[in-house]
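Q: My numbering numbers the first residue of the sequence shown as 16 and each following residue consecutively. Just so it is clear, CB atoms sit at the ideal spot from N, CA and C, and this is done for glycine as well. Small disclaimer: the values here were computed from a predicted structure and weren't measured.
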Amino acid sequence: MSESRAIPTEVSMSSLRRLRKQCEQDLDGFPVPKPFGIPALVRAMEDRLGRRIVLRPMPPALTAPGSACGLRVKLGGEVSLVLFPLRGTPFHQEHVLLHELVHEWFDHGGTVSPEEFRRMTPHLGTNLIGRFLRDVPMAARTDYESEQELATEISAGIIRDRAARDSRATDDLVGRLTESLSHPLAPRRRWRRNP
Numbered sequence: 016m017s018e019s020r021a022i023p024t025e026v027s028m029s030s031l032r033r034l035r036k037q038c039e040q041d042l043d044g045f046p047v048p049k050p051f052g053i054p055a056l057v058r059a060m061e062d063r064l065g066r067r068i069v070l071r072p073m074p075p076a077l078t079a080p081g082s083a084c085g086l087r088v089k090l091g092g093e094v095s096l097v098l099f100p101l102r103g104t105p106f107h108q109e110h111v112l113l114h115e116l117v118h119e120w121f122d123h124g125g126t127v128s129p130e131e132f133r134r135m136t137p138h139l140g141t142n143l144i145g146r147f148l149r150d151v152p153m154a155a156r157t158d159y160e161s162e163q164e165l166a167t168e169i170s171a172g173i174i175r176d177r178a179a180r181d182s183r184a185t186d187d188l189v190g191r192l193t194e195s196l197s198h199p200l201a202p203r204r205r206w207r208r209n210p
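1. Starting from K36, follow the alpha helix (DSSP H) in both directions and report where the run begins and ends.
2. Check the C-beta distance from E119 over to R71 and give it rounded, since I have them as a contact under 8 Å.
3. Pick helix, strand or coil for V57, following the three-state DSSP scheme.
4. Tell me where the alpha helix (DSSP H) around P105 begins and ends.
5. Just to confirm my understanding: we take L98, look at its own chain, exclude 5 residues before and 5 after, and list those with CB closer than 6 Å. What are they?
6. Report the option in E164, V94 and D181 whose CA atom is closest to the CA atom of H114.
7. Per DSSP, what kind of secondary structure is P75 in: helix, strand or coil?
8. Give me the Cβ distance between E211 and I173, rounded to the nearest whole Å; I'm assuming they're in contact under 8 Å.
9. Quick one: what's F99 bridged to in DSSP?
10. Rounded to a whole number of angstroms, what is the C-alpha to C-alpha distance between F51 and Q108?
11. In whole angstroms, what is the alpha-carbon distance linking D62 and P46?
12. Under 8 Å, do H123 and A171 count as touching if we go by C-beta distance?
13. Are there 16 or more other CB atoms within 10 angstroms of the CB of L112, so buried, or fewer, so exposed?
14. Decide if V117 is buried, meaning its Cβ has at least 16 other Cβ atoms within 10 Å, or exposed.
15. Do you know how far the Cα of L56 is from the Cα of L64?
16. Around the Cβ of T104, are there at least 16 other Cβ atoms within 10 angstroms (buried) or fewer (exposed)?
17. Since R67 sits in a beta bridge, which residues does DSSP pair it with?
18. Can you give the Cα-Cα distance for M60 and R180, rounded to whole angstroms?
19. Run through the DSSP bridge pairs and tell me what K89 is partnered with.
20. Identify which residue in S30, P48, L101 and E168 has its Cα closest to the Cα of F121.
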């Protein structure tokens, strides 16, 4: 995955397609469990990475407007902490978790500077932040102003797509409905005229 660098506010469709293709290649070997679930995914990632991944709901103080939607904190070489919001839908929570787990998979460095973290958490105090989080890599899901964050967001969607594709049971009614509603914009059919 590329370094975290600023991307233009207007991203062309061709550059998004290229980035998605790169993300798909980068995710080759990513352990999507069957059946899919976040706990099974975390276990598979822990086995592959040799690190413990701890998932915890975000404390209410970290969920103020303008704060991070999710947060990954790498605590030394053996453990990472992933914080996710309790607010929002289960779909949103899962997507935030996938986003942060992509940061973990690619071992992204900190995308959040200490100053940004202080801005997101003004109630914690400068001394507390400096004492506990100095030189700790953090990645937070706040915006997509870097290529790394945009690629991470795209990668989370790819994982969700792969999990859904692998779990579809199109023989039953629910599976067919899921398949149909998952792709509402099918390619246009070409109508042939009768000669």
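A: According to the structure data:
1. As a first step, residue 36 is located in the sequence shown; it is residue number 21 there, counting from the start. For K36, the enclosing alpha helix (DSSP H) begins and ends at M28 to D41.
2. As a first step, residue 119 must be located in the sequence shown, where it is residue number 104. As a first step, residue 71 must be located in the sequence shown, where it is residue number 56. Not quite, the Cβ-Cβ distance comes to about 14 Å (not below 8 Å), so this is no contact.
3. On the sequence shown, residue 57 is found 42 positions in, with the first residue counted as 1. Helix at V57.
4. For the purposes of this step, residue 105 is identified with residue 90 of the sequence shown, where counting begins at 1. Counting along the chain, the alpha helix (DSSP H) containing P105 begins and ends at P105 to F121.
5. Taking the first residue of the sequence shown as 1, we reach residue 98 at position 83. Hits under 6 Å: R71, M73 and L86.
6. Here the question's residue 114 lines up with position 99 in the sequence shown. Across the set E164, V94 and D181, the C-alpha of E164 shows the shortest separation from the C-alpha of H114.
7. Sequence index remark: in the sequence shown, residue 75 carries index 60 (1-based). Helix.
8. For the chain, the structure presents residues 16 to 210; residue 211 sits outside this window and is missing.
9. The residue labelled residue 99 in the question sits at position 84 within the sequence shown. Partner(s): P72.
10. On the sequence shown, position 36 is the one that residue 51 refers to. On the sequence shown, position 93 is the one that residue 108 refers to. Distance between the alpha carbons of F51 and Q108 is about 15 Å.
11. Against the sequence shown, residue 62 aligns to sequence position 47. Against the sequence shown, residue 46 aligns to sequence position 31. Put simply, the backbone Cα of D62 is about 10 Å away from that of P46.
12. Stepping through the sequence shown from its first residue, residue 123 is reached at position 108. Stepping through the sequence shown from its first residue, residue 171 is reached at position 156. No; because the gap between Cβ atoms is not below 8 Å, this pair is not in contact.
13. On the sequence shown, residue 112 is found 97 positions in, with the first residue counted as 1. Counting every other CB atom within 10 Å of its CB across the protein chains shown gives L112 a total of 16 or more, marking it as buried.
14. Translated into the one-based positions of the sequence shown, residue 117 becomes position 102. Counting Cβ neighbours within 10 Å, V117 comes out buried, since at least 16 surround it.
15. The sequence position of residue 64 within the sequence shown is 49, counting from 1. The sequence position of residue 56 within the sequence shown is 41, counting from 1. Between L64 and L56, the alpha-carbon positions lie close to 12 Å from each other.
16. Start at 1 with the first residue of the sequence shown, and residue 104 comes out as number 89. Exposed is the call here.
17. On the sequence shown, residue 67 is found 52 positions in, with the first residue counted as 1. Beta bridge pairing from DSSP links R67 with V94.
18. Indexing the sequence shown from 1 puts residue 60 at position 45. Indexing the sequence shown from 1 puts residue 180 at position 165. If I take the Cα positions, the gap works out to 20 Å.
19. By one-based count along the sequence shown, residue 89 stands at place 74. Bridge partners of K89: S95.
20. On the sequence shown, residue 121 is found 106 positions in, with the first residue counted as 1. The shortest C-alpha separation from F121 is found at E168.
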